[in-house]
Amino acid sequence: MGWKRKTHHGGPCHQEQSCPSHGTELFAIDEEVSHLTRLKSEPCERTRASLYAGKKRPISTFKLLSGRESNCSGIGRFSSADCSYALGKHLPVKGPWCVDDMDSEAYISQFSADGSLLIGGFRGSHIRIYNAEKKWMIHKDITCKKLRWTVSDIALSPDQRYLAYSSLSPIVHMVDVQNTMRESHANITQIHEGLEFSNDDDAFSFAIFSVKFSKDGRELVVGNNNESICIYDIGANKVTERIHAHSADVNAVTFADESSDVLYSGSDDSLCKVWDRRCNKRGKQVGVLTGHLDGITFIDSRGDGRYFISNCKDQTIKLWDIRKMSSTVKE
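Have a look at this one:
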């Protein structure tokens with residue numbers, strides 16, 4: 001049985017018994033994360049076996065290229081894990097360099113899921129989409145409609161056809177980014193469809209901070225200054241769910257996995273919460289994750305329904321396992 005000394009601020013030292021089962025649980029979580037990471041960042045066993053007879057030794061880039069040419073993996077090309085492994089062996093030697101120079105501040109940016117597009121939102125009512133595979137050439141130049149202060153968030157649909165953008169207003173606009181026109185001026189050269197998220201009585205003060213597509217592209221979820229989460233059915237053209245989620249602004253929200261049944265949210269109340277839309281108790285979280293000391297600014301899910309990371313104003317990023325969450329939080 002192990003013992004360790006623990007010092008409290010302003011108090012004497014005392015001995016505290018460590019819990020072996022807790023350490024074992026943490027070790028199991030670390031092992032699972034490590035295993036899932038290896039699956040996505042190392043060559044498959046078939047490739048390794050054909051190159052080095054299954055021996056656990058580093059594979060050179062030359063060997064990987066040779067294996068690709070001889071189709072060792074059986075798929076005739078590099079897998080995403082092969083690409084990750086090859087690129088992980090090299091440090092960047094170029095840049096940073098300026099992709100673009102605008103007249104207003106860049107407020108938000110993100111890559112598409114496959115990394116081929118970079119999207120930037122600017123305070124001057126502009127969104128630009130750059131093609132990362134064509135020397136950052138401008139793929140789409142979007143002039144936004146009815147912004148309040150800035151573009152607060154952007155989201156690209158899973159098929160990379162539609163872009164949703166929000167502002168500190170109750171409306172999310174959607175624009176087709178795969179048509180032939182490079183210039184997109186709201187409702188002049190192209191329709192920017194507006195999706196209304198507010199009730200009639202709170203339209204003026206309603207501000208959206210976060211917007212995300214579901215994995216099937218059929219729904220949008222937003223977090224807002226009304227301390228709530230709203231889910232919009234794009235096909236039905238209406239808000240289908242409103243959840244009073246936190247005691248302060250909801251700055252970040254996202255779907256947990258492909259099913260779109262589970263949601264993660266983060267707020268200025270310093271809490272991350274988990275929501276299951278299948279539960280009978282609507283408006284009641286299924287889990288709370290505490291540990292941050294200030295407002296949550298961003299959340300990103302691993303997509304497996306278990307892990308997500310959160311970024312906070314306390315200058316920390318935390319990795320969460322929702323299997324360890326609490327069902328309640330002390331007020």
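Residue numbering for the sequence shown follows the numbering used here, starting at 1 and increasing by one per position. Where a beta carbon is used, it is the ideal one built from N, C-alpha and C, also for glycine.
Among the residues of its own chain, which have a CB less than 6 Å from the CB of M1, if the five just before and after it don't count? Reliability fails at M1, whose pLDDT of 40 lies under 50, so the model's placement of it is uncertain and no value is given.
Spatial neighbours of F78 within its chain, please: C-beta separation below 7 Å, excluding the five flanking residues on both sides. Counting only residues of its own chain and dropping the five nearest sequence neighbours on each side, F78 has a CB closer than 7 Å to the CB of R68.
CA nearest to the CA of E193, picked from A207, V177, A86 and T240: Nearest option by C-alpha distance: V177.
Exposed or buried, which one is G283 when buried takes at least 16 other CB atoms within 10 Å? By the neighbour-count rule (16 or more Cβ atoms within 10 Å), G283 is not buried but exposed.
If you follow the beta strand (DSSP E) that A252 is part of, which residue opens it and which one closes it? Note, A252: beta strand (DSSP E), V250 to F255.
Which runs of the alpha helix (DSSP H) spanning at least 4 residues fall entirely within the region 43-107, listed in chain order? The qualifying runs are 45-52, 61-69 and 80-87.
Check whether the Cβ atoms of D103 and I138 sit closer than 9 Å, and answer yes or no. Between D103 and I138, the CB-CB gap reaches or exceeds 9 Å.
Taking the beta carbon of W97 as the centre, do at least 16 other beta carbons fall within 10 Å, making it buried, or is it exposed? By the neighbour-count rule (16 or more Cβ atoms within 10 Å), W97 is not buried but exposed.
Please give the ranges of any beta strand (DSSP E) in the region 131-216, keeping only runs that are unbroken, at least 3 residues long and fully inside the region. Entirely contained in the region 131-216, the beta strand (DSSP E) runs reaching 3 residues are, in chain order, 137-143, 151-156, 162-167, 171-176, 183-185, 193-196 and 208-213.
Using DSSP with H/G/I as helix, E/B as strand and the rest coil, what is R128? Correct three-state label for R128: strand.
Grouping DSSP H, G and I as helix and E and B as strand, with all else coil, what is K6? Reliability of the predicted coordinates at K6 is poor, the pLDDT of 43 falling under 50, and the value obtained from them is presented with this limitation in mind. Looking at K6 - three-state DSSP - the assignment turns out to be strand.
Round the Cβ separation of R218 and I234 to the nearest angstrom and send it over; I've been treating them as touching at under 8 Å. Rounded to whole angstroms, the Cβ separation of R218 and I234 is 6 Å, and the two are in contact under 8 Å.
Cross-strand partners of V33 (DSSP beta bridge): Answer is none; V33 lacks a bridge partner.
Cβ separation of A132 and G121, assumed to be a contact under 8 Å, to the nearest whole Å: About 17 Å separates the two Cβ atoms, so there is no contact after all.
If you follow the beta strand (DSSP E) that S112 is in, where does it begin and where does it stop? Looking at the DSSP string, S112 is not in any beta strand (DSSP E), and its letter there is neither H nor E.
Could you check the C-alpha separation between G10 and I59 for me, to the nearest Å? Annotation note: pLDDT 48 at G10 (below 50); position unreliable, coordinate value reported separately. Looking at the two C-alpha atoms, the distance is approximately 53 Å.
In angstroms with no decimal places, state the Cα-to-Cα distance between D314 and D294. Those two C-alpha atoms are separated by around 5 Å.
Does the Cβ of T37 have 16 or more other Cβ atoms within 10 Å, making it buried, or fewer, making it exposed? Under a 10 Å Cβ-count criterion, T37 is classified as exposed, with fewer than 16 other Cβ atoms of the shown protein chains found around its own Cβ.
Who are the near neighbours of S41 in its chain, counting only those whose CB is closer than 8 Å to its CB and skipping five residues on each side? So the qualifying residues of the chain are A81, S84, Y85 and G88.
Check whether D153 and I208 have beta carbons under 9 Å apart: Closer than 9 Å, so yes.
Quick check on the DSSP output: the beta strand (DSSP E) that includes I229 runs from which residue to which? Here the beta strand (DSSP E) through I229 covers S228 to D233.
Would you list the residues sitting across from H244 in a DSSP beta bridge? S228.
How about I317 and I309: do their beta carbons lie closer than 9 Å? The answer is yes: Cβ separation under 9 Å.
As a quick exercise: from V211, S259 and A186, pick the residue whose alpha carbon is nearest that of N251. Taking only the C-alpha atoms, the option nearest N251 is V211.
Only counting the same chain, and skipping five residues up and downstream in sequence, which positions put a Cβ closer than 6 Å to that of W136? By the criterion of a C-beta distance shorter than 6 Å, W136 is surrounded in its chain by V99 and Y130, once the five residues flanking it on both sides are discounted.
Leaving aside the five residues before and after M174 along the sequence, list all residues of the same chain whose C-beta is less than 6 Å from its C-beta, in chain order. In chain order, Y162, A164 and E193 place their CB closer than 6 Å to the CB of M174, counting only its own chain and leaving out the 5 sequence neighbours on each side.
DSSP-derived helix/strand/coil call for K40: K40 falls in the helix class under three-state DSSP.
Determine the closest residue to L117 out of S109, G291 and W149, with distance taken between C-alpha atoms. Each of S109, G291 and W149 was checked against the Cα of L117, and the nearest Cα belongs to S109.
Give me whichever residues DSSP pairs with N311 in a beta bridge. Checking the DSSP bridge columns, you'll see N311 partnered with F298 and I317.
Local conformation of K273 per DSSP, three classes: K273 falls in the strand class under three-state DSSP.
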